[in-house]
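Down below is the structure, laid out as structure tokens.
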Amino acid sequence: MKTGSIIKISSFISALSLGLTACLQQNDNVQTSLPQEQQIMPYNDYSQGEMSFKDPQDPYMIRTTEGANALDLETPLRCNVNWDMQQMVLTLPYVNSAFKLERNGQNDPLPRFEVTGYTFDMMPAEQALAKLTKEAGIRVSSADGPYTSISAEDLKGEFSEVIKMIADSAGIYYTYNAKDKILTLSRRVNMTLYTPQVRPIILGLMDVIRGAGITDIVTNWADYSITFDADVETRDKMMELIKFFEGSPTLVAYDVSIFRLYPNDQSKDIEWKELLKAFDFGTITTAQTGVIGRVLTTTNEISLEKLQQFVGQQARIETVSEGKFVVPNLWLARFDIGKCSKPNTDSYGMSILAKAAVQKGHEIFTDVTLEETNGQVTSFNIRNKLGENFMIIGLPNQLFGISSPKSETIIFMVPRLIRTLRTNENLKNKI
599 MKTGSIIKIS
609 SFISALSLGL
619 TACLQQNDNV
629 QTSLPQEQQI
639 MPYNDYSQGE
649 MSFKDPQDPY
659 MIRTTEGANA
669 LDLETPLRCN
679 VNWDMQQMVL
689 TLPYVNSAFK
699 LERNGQNDPL
709 PRFEVTGYTF
719 DMMPAEQALA
729 KLTKEAGIRV
739 SSADGPYTSI
749 SAEDLKGEFS
759 EVIKMIADSA
769 GIYYTYNAKD
779 KILTLSRRVN
789 MTLYTPQVRP
799 IILGLMDVIR
809 GAGITDIVTN
819 WADYSITFDA
829 DVETRDKMME
839 LIKFFEGSPT
849 LVAYDVSIFR
859 LYPNDQSKDI
869 EWKELLKAFD
879 FGTITTAQTG
889 VIGRVLTTTN
899 EISLEKLQQF
909 VGQQARIETV
919 SEGKFVVPNL
929 WLARFDIGKC
939 SKPNTDSYGM
949 SILAKAAVQK
959 GHEIFTDVTL
969 EETNGQVTSF
979 NIRNKLGENF
989 MIIGLPNQLF
999 GISSPKSETI
1009 IFMVPRLIRT
1019 LRTNENLKNK
1029 I
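One rule links them: number in this note's numbering = place in the sequence shown (from 1) + 598.
So this is what it looks like as structure tokens:
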């Protein structure tokens, strides 16, 4: 094989191995051009009436039974909230060495070559790799291309290292089959994240993975692992999350109750101003208006029980879902309310996305976004102290396809703190 046909990173390009993404933006010798983006869906305006839902194209399609789909192994942990006794601050020891992110599947070692002088200009990654591996007799298979186009000049280095460099710079993975001499490229691979055997921690990691947009995950409760398909960006985020736990971080747990109100008098709204008469001044600390709905922060004087006693005088209450989710400090997490929906209740496709920050000891800043199947409903930036609650009121049920005049959906949330304590196995067993 000619030494000029295979590559080793030059001193000018070698910085790519330290930070490919940043280097692609800064290095004049390496450029990228992304494939044409898909058509962006139009913005949905939810303020102008009811949403319409399309029936399945084939109503006679044979599907998995609802009873089987309703089985969720998270339910005993996720959907069990003790509203009568809530521990505001919980300390959890964990073994940091238990964290591990592994790629699944077989990936054979590449042939060993030392080569030099490989140059290409604005070439799709799969073509650049095909040109590189041609004389080695390796075929390139593209599972979901075309990929990002890149340029490089006079690259030199170990064969396997440069293939990894090109793949990483294009944001793709490669798998090599030594028997058939095939290099397969793809945007995603299957990975498993192993976690400490601490339930709130694995719940938080699951919620972060869902917050990254990955909903098809498999959790093994025997070895506390989470398996999912990840692109390069998600893999890097998971590595950052593992590193984040090296500092014994604080997590924010939210207990959530979602219920609907159907006014006794269907011609009248719920009189929320009566809250000011039912509770002492200062019990409601703030009231904030969003795109749709309002969020009230309150002292713990207004518990879920007292709130439902108040609204129960004006309306019929229908509980939709109750559960909990965990947000690592400064990370984004998702709670799908359908996971904890009550039997025979239409839970619709709402999700709660939250990004939490703990500051000044016991002050909690929460960015909350409500999403429905067809897009974002509303969002709020909320600040409250530990021991305070917040509730989102005034969400018309018409947003969720329910044609009941004056009815609305309420979201009641109680934030709690989980302080983690990094330790080793011997010390953990003595705590």
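Just so it is clear, CB atoms sit at the ideal spot from N, CA and C, and this is done for glycine as well.
query                                                                                                                                                                          : result
Is it the case that the Cβ atoms of Met989 and Leu894 are separated by a distance below 8 Å?                                                                                   : yes
Taking the alpha helix (DSSP H) that Leu708 falls in, what are its first and last residues?                                                                                    : Looking at the DSSP string, Leu708 is not in any alpha helix (DSSP H), and its letter there is neither H nor E.
Nearest-angstrom Cα distance between Phe879 and Val687?                                                                                                                        : 27 Å
Excluding the five sequence neighbours on either side, which residues of its own chain have a C-beta within less than 6 Å of the C-beta of Thr773, listed in chain order?      : Asn705, Thr782
Hey, how far is the Cα of Thr976 from the Cα of Ser823?                                                                                                                        : 33 Å
Can you give me the Cβ contacts of Arg808 inside the same chain, cut-off strictly under 6 Å, excluding the 5 residues immediately before and after it?                         : Arg932
The alpha helix (DSSP H) spanning Leu984 covers which residue range?                                                                                                           : Run containing Leu984: none; DSSP gives neither H nor E here.
In terms of residues, what are the limits of the alpha helix (DSSP H) holding Gln725?                                                                                          : 723-731
Could you tell me the distance, in whole angstroms, from the CA atom of Gln864 to the CA atom of Leu984?                                                                       : 37 Å
Determine the direct distance from the alpha carbon of Leu928 to that of Lys835, and round the result to whole angstroms.                                                      : 13 Å
Does the Cβ of Ala776 have 16 or more other Cβ atoms within 10 Å, making it buried, or fewer, making it exposed?                                                               : exposed
Just tell me which of Ile900, Val925, Arg858 has its CA closest to the CA of Trp681.                                                                                           : Ile900
Using the three-state DSSP reduction, which class does Thr1018 fall into: helix, strand or coil?                                                                               : strand
Leaving aside the five residues before and after Thr832 along the sequence, list all residues of the same chain whose C-beta is less than 7 Å from its C-beta, in chain order. : Ala810, Ile812
Should Ser747 go down as buried or exposed, given a rule of 16 or more other Cβ atoms within 10 Å for buried?                                                                  : buried
So Tyr745 packs on Glu724, CB below 8 Å; how close in whole Å?                                                                                                                 : 6 Å
Under DSSP, the alpha helix (DSSP H) around Phe842 begins and ends at which residues?                                                                                          : 830-842
Mind checking Thr887: buried by the 16 CB within 10 Å criterion, or exposed?                                                                                                   : exposed
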